[in-house]
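One structure is given below, encoded as structure tokens.
Residue numbers (this note's numbering): 224 to 342.
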């Protein structure tokens with residue numbers, strides 16, 4: 224929308240600074256304990272939800288989560304329509320793309336942590 228590459232890059236950097244990785248993290252108990260299913264770099268492959276651990280996040284997933292987080296905090300009196308909440312982790316349908324399945328799991332876990340994320 225009339226933005227130069229430099230403006231777009233600057234906006235991206237600003238957004239990355241405004242939304243910390245800590246705010247994106249979910250499943251802490253499954254990610255940081257040595258006995259946890261998602262622990263370590265090899266743990267990233269164990270379950271889909273493990274890819275939401277801080278040490279497993281790809282740039283693409285981080286970007287999607289930052290956008291979702293930004294939309295949530297900027298929504299005012301609007302409600303999120305998709306993805307709906309609450310899914311059962313093992314029932315996240317394969318008909319969704321991988322990034323969509325990760326977003327569903329992320330929103331579900333954010334909802335479990337804070338009810339404000341449930342709608």
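Ideal Cβ positions, reconstructed from N, Cα and C, are used throughout, including at glycine.
If you're wondering where the values come from, they're calculated on a predicted model, not measured in any experiment.
If we count the other Cβ atoms within 10 Å of its Cβ and call it buried at 16 or more, is residue 290 buried or exposed?
Its Cβ having fewer than 16 others within 10 Å, residue 290 is exposed.
In terms of alpha-carbon separation, which member of 242, 266, 241 lies closest to residue 250?
Ranking 242, 266, 241 by Cα distance to residue 250 puts 266 first.
Would you identify the three-state DSSP class for residue 337, choosing helix, strand or coil?
Residue state, collapsed to three classes: coil.
Three-state secondary structure (DSSP) at residue 274?
Helix.
In three-state terms, what does DSSP make of residue 232?
Here residue 232 scores only 49 on pLDDT, less than 50, and its place in the model should not be relied on; the value that follows carries that caveat. In this structure, residue 232 counts as helix in the three-state DSSP scheme.
Is the Cβ-Cβ distance between residue 281 and residue 270 less than 9 angstroms?
Their beta carbons are not under 9 angstroms apart, which means residue 281 does not touch residue 270 by this criterion.
Exposed or buried, which one is residue 325 when buried takes at least 16 other CB atoms within 10 Å?
It counts as buried.
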